[in-house]
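Trainee: Structure provided below as structure tokens; questions to follow.
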Amino acid sequence: MVASPDNAMLAGSPRRRPADAARRAERRSTWLLLAPAIAFLVVMAVWPFAYLLYASFTSYQLAVPIPIEFVGIDNFTRLLQGERFWSSLGITAIFALVAVPLQIAVGLGLALLINSVARAREFYASLFLIPMMLAPIVVGFAWNLFLNPIYGPLNSALRGMELSPPAWAQSPDWALPTIVLVDIWQWTPLVMVILLAGLRAIPATVFEAARVDGSTPRQTFRNIVLPMLAPYIVVAFVLRFIDSFKVFDVIYILTRGGPGTSTQNLAYYTYDLGFNRFEFGAAGALSIIQLVVLIVGTSLILAAARRGAGGMEGRRS
Amino acid sequence: MTRTAWGEAGRHALLIILLLAMLAPLLWLLLTAFKPYEELFRSPPTIWPDAPTLRNFSEGWAIGGGKGIVDSLIVSTLSTAICLVLGFPAAYALARRFPPHGQLSFTILSLRMLPPIVPVIGFYLLYQKLSLFDTYAGLILVYTFMNLPLVVWLLAEFMRQIPRSFEEAARVDGASWFQLFRDVLLPLSLPGVATAGILAMIFAWNEFLFALVLTGDDVITLPKALASFFLFQQPNWGQLGAIGIVAFGPLLLLSYYMQKLLIRSFTITQR
């Protein structure tokens, strides 16, 4: 490789080999190209996080004009002893561990159905994608209107069939299932699209070989389609698991965490502590606890997925 | 032959029924946008508007939809532009000088996974100190932070598919970095830039939590404007529906393009 003369001059020392200088210049240009974006991300991540950490170890309250005191881990212990923390953790867990598997199941069914028709697959895929393209706020108020117990169309139709429908989001028993249903409605399309990509990646020859060998559709599904889709299912599960900690907008519009605290997940509890009660110390501590729960949960799922993949290969061989 | 044809027809019928059931709440909202106020709270409700009207659209614009659209446009276009300007050179470095699934890629992408509720308290306290609360600049900075990791990652994925020979030829001809970017890389990665830009726009356009917490009465983006109508006991659903259709309907036109893109991107990641 021939180094350009200006690179050799940049190196400064005549004893240094030209190739070294070229490599150094390249390394410098790499960091110059990365620097603006990295610097921006670091500043925007570290600076607010410093405030968050600071708040979480103090008695930071906007509403009360008392001096801010360092309280150590008091905010954390008080949260962990409170009932509301555990109930909101439970509701976040319902989104992550009940809603997400349901999304995978429905998304798989939908992907298989779309993949089984000969024509208009892309037409269907793009229409089924609509819920996830919409702002969660719009989704929230579309469902709020649709499920309104008095003038909403669903309950009026159900009453017409001599049924007595629940008050959905306004009923203590039905509020949480309603929010979970809306979450499934909005995010099943993402799972569907990921699994469609997986189905498309299976070569047609595999299916032909199975048919020639006399495999029934059910056997083909269990022994070929499902194992080949497994990595895609893992991707969908991990993405949706992480995103399930973000559920907030729909709760804000449909229930405001109520009735009582029956639909209050960790995100809504944090918002409520911070911006309804102005207890920034406690809200900061809860933010940090949430981050830890998310990281631990994601690592566990990734580890389980890796072990599952290993186990499946073991069985196949 | 006939049996499979019937099976095909049956599957289409099933898909269409499922589609209609799924879209029902949205179709209902669409119909509601054309109903006059008196018709909104009738029980049982009318399906087709008795006296269809376009008043909701003009009123919706006047009571906050117009400001919402302007503010959302300002915040989402500017944050997207900054994302692309910062992200383009970084993506080039990431694509050419680092391994595809290396530590740096992973770190950048994991920032994207952070739920907004985690940093929002910190941003609020910081913005109070820096007087960025309730400013366009404040919201633009947060949305840039939210979207930049994805933009860098997506652009890098696209640039990996551009053959190196193009840039090598340009460097031999003595092109500067700026010329290399403007004349060689930008035209070649234009589809990637469009994709990353559209996604960043959509995410900023739809975002609610940061807007709710970090702005007050001066900056009111669309999702925040819509949510504020819920403070009333009986929201005017017609106006809400009208704003929703005008402000978010156009996004749905992208869904054909989006499903192709998503399928492609997930097929790439797996390889």
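Protein sequences, first through last, are from chains A and B. For the first sequence, my numbering begins at 14 and goes up steadily by one. For the second sequence, my numbering begins at 198 and goes up steadily by one. The beta carbon of each residue, even a glycine, is placed where N, CA and C say it ideally should be. This structure is a prediction, so every number in the text was calculated from the model and none was measured.
Check the Cβ-Cβ distances between THR283/A and every residue of chain B, and say whether any is below 8 angstroms.
Mentor: Reading the first sequence from its first residue, position 270 is the one you call residue 283/A. Yes, THR283/A counts as interfacial toward chain B.
Trainee: DSSP state of THR243/B, grouped into three classes?
Mentor: As a first step, residue 243/B must be located in the second sequence, where it is residue number 46. Coil, per DSSP.
Trainee: What do you get for PHE375/B, buried or exposed, if any count of 16 or more other CB atoms within 10 angstroms of its CB means buried?
Mentor: The residue labelled residue 375/B in the question sits at position 178 within the second sequence. Result: exposed.
Trainee: Which same chain residues, not among the five before or five after ILE279/B, have their C-beta less than 6 angstroms away from its C-beta?
Mentor: Translated into the one-based positions of the second sequence, residue 279/B becomes position 82. The answer, listed in chain order, is THR341.
Trainee: Buried or exposed for ARG328/A, going by 16 or more other Cβ atoms inside 10 Å?
Mentor: Start at 1 with the first residue of the first sequence, and residue 328/A comes out as number 315. Reliability fails at ARG328/A, whose pLDDT of 44 lies under 50, so the model's placement of it is uncertain and the value that follows must be treated cautiously. Counting Cβ neighbours within 10 Å, ARG328/A comes out exposed, since fewer than 16 surround it.
Trainee: 8 angstroms is my cut-off, CB to CB: does LEU47/A come that close to chain B?
Mentor: Taking the first residue of the first sequence as 1, we reach residue 47/A at position 34. Closer than 8 angstroms: yes.
Trainee: In whole angstroms, what is the alpha-carbon distance linking LEU175/A and PRO241/B?
Mentor: As a first step, residue 175/A must be located in the first sequence, where it is residue number 162. As a first step, residue 241/B must be located in the second sequence, where it is residue number 44. One point to set straight first is that residue 175/A is Glu, not Leu, in the sequence displayed. Taking the straight line from one Cα to the other gives about 14 angstroms.
Trainee: Go ahead and label GLU364/B buried or exposed: buried means 16 or more other beta carbons lie within 10 angstroms of its beta carbon, across all protein chains shown.
Mentor: Taking the first residue of the second sequence as 1, we reach residue 364/B at position 167. Classification of GLU364/B: buried, given that the 10 Å Cβ count is 16 or more.
Trainee: Measure the alpha-carbon distance for THR243/B versus THR250/B and round it to whole angstroms.
Mentor: Numbered from its first residue, the second sequence carries residue 243/B at position 46. Numbered from its first residue, the second sequence carries residue 250/B at position 53. One C-alpha to the other measures close to 14 angstroms.
Trainee: Is it right to say ALA317/A is buried, meaning 16 or more other beta carbons lie within 10 angstroms of its own, or is it exposed?
Mentor: The sequence position of residue 317/A within the first sequence is 304, counting from 1. The residue is exposed, with fewer than 16 neighbouring Cβ atoms inside 10 Å.
Trainee: Of the residues PRO222/B, GLU205/B, ALA424/B, VAL315/B, which one's Cα is nearest the Cα of LEU167/A?
Mentor: Here residue 167/A refers to the residue found at position 154 when the first sequence is read from its first residue. It is PRO222/B.
Trainee: Going along chain A, which residues have a C-beta under 8 angstroms from TRP225/B?
Mentor: Taking the second sequence and counting its residues from 1, the one referred to as residue 225/B is at position 28. Going along chain A in sequence order, the residues near TRP225/B (Cβ under 8 angstroms) are ALA155, LEU158, PHE159, PRO166.
Trainee: In chain order, which continuous runs of the alpha helix (DSSP H) of length 4 or greater are located wholly inside the stretch 327-371 of chain B?
Mentor: Those alpha helix (DSSP H) runs which fall completely within the stretch 327-371 of chain B and span 4+ residues are 333-356, 361-369.
Trainee: Is LEU423/B near ILE399/B, with beta carbons less than 8 angstroms apart?
Mentor: Looking up residue 423/B in the second sequence gives position 226. Looking up residue 399/B in the second sequence gives position 202. For LEU423/B and ILE399/B, no; Cβs fall outside 8 angstroms.
Trainee: Can you list, in chain order, the residues of the stretch 76-91 of chain A whose Cβ is nearer than 8 angstroms to any Cβ on chain B?
Mentor: So nothing in the stretch comes that close.
Trainee: Taking C-alpha atoms, which residue in ARG319/A, ALA133/A, LEU212/A, ILE192/A lies nearest to ALA112/A?
Mentor: Along the first sequence, one-based indexing puts residue 112/A at 99. Among ARG319/A, ALA133/A, LEU212/A, ILE192/A, the Cα nearest to that of ALA112/A is on ILE192/A.
Trainee: Can you name the start and end residues of the alpha helix (DSSP H) that TYR137/A belongs to?
Mentor: Position 124 of the first sequence holds residue 137/A. Taken as a continuous stretch (DSSP letters only), the alpha helix (DSSP H) holding TYR137/A covers 134-141.
Trainee: Do you know offhand how far LEU145/A's Cα is from LEU281/B's?
Mentor: Sequence index remark: in the first sequence, residue 145/A carries index 132 (1-based). Sequence index remark: in the second sequence, residue 281/B carries index 84 (1-based). Position check: residue 145/A holds Met in this sequence, whereas Leu was assumed. Going from the Cα of MET145/A to the Cα of LEU281/B covers about 24 angstroms.
Trainee: Rounded to a whole number of angstroms, what is the C-alpha to C-alpha distance between ALA292/B and ILE359/B?
Mentor: What you label residue 292/B is simply residue 95 of the second sequence in a count that begins at 1. What you label residue 359/B is simply residue 162 of the second sequence in a count that begins at 1. Rounded to whole angstroms, ALA292/B to ILE359/B spans 10 angstroms at the Cα level.
Trainee: Quick one: list the residues of chain A neighbouring TRP434/B, beta-carbon separation under 7 angstroms, in chain order.
Mentor: Reading the second sequence from its first residue, position 237 is the one you call residue 434/B. Under the 7 angstroms cutoff, chain A gives LEU158.
Trainee: Just checking: is the beta-carbon of GLU316/B within a distance shorter than 8 angstroms of some beta-carbon in chain A?
Mentor: Position 119 of the second sequence, counting from 1, holds the residue named residue 316/B. As written in the sequence, residue 316/B is Pro, which differs from the Glu given in the question. PRO316/B counts as touching chain A.
Trainee: Under 8 angstroms, Cβ to Cβ, is there at least one residue of chain B near GLU135/A?
Mentor: If you number the first sequence from 1, residue 135/A lands on position 122. Interface residue, yes.
Trainee: Out of GLU135/A, ILE163/A, PHE261/A, point me to the one whose CA is closest to LYS457/B's CA.
Mentor: Residue mapping note: residue 457/B aligns to position 260 of the second sequence, counting from 1. For the residues GLU135/A, ILE163/A, PHE261/A, the minimum Cα distance to LYS457/B belongs to GLU135/A.
Trainee: In chain order, what residues of the same chain lie with their CB nearer than 8 angstroms to the CB of ILE79/A, ignoring the 5 residues before and after it?
Mentor: As a first step, residue 79/A is located in the first sequence; it is residue number 66 there, counting from the start. Correct list, in chain order: SER72.
Trainee: Can you tell me which of the three DSSP states GLN74/A falls into?
Mentor: As a position in the first sequence, residue 74/A is number 61, starting the count at 1. Three-state result, GLN74/A: strand.
Trainee: Taking the DSSP output, what are the residues bridged to GLU292/A?
Mentor: Walking along the first sequence from the start, residue 292/A turns up at place 279. In DSSP, GLU292/A forms a bridge with GLN74/A.
Trainee: What residues are listed by DSSP as bridge partners for PHE83/A?
Mentor: Mapped onto the first sequence, residue 83/A falls at position 70. Partner(s): THR71/A.
Trainee: Against chain B, does ALA21/A count as a neighbour if the rule is that its beta carbon must be under 8 angstroms from one of theirs?
Mentor: Here residue 21/A corresponds to residue number 8 of the first sequence, with the count starting at 1. Residue placement at ALA21/A cannot be trusted, given a pLDDT of 42 that sits under 50; what the coordinates show is reported in the next sentence. Closer than 8 angstroms: no.
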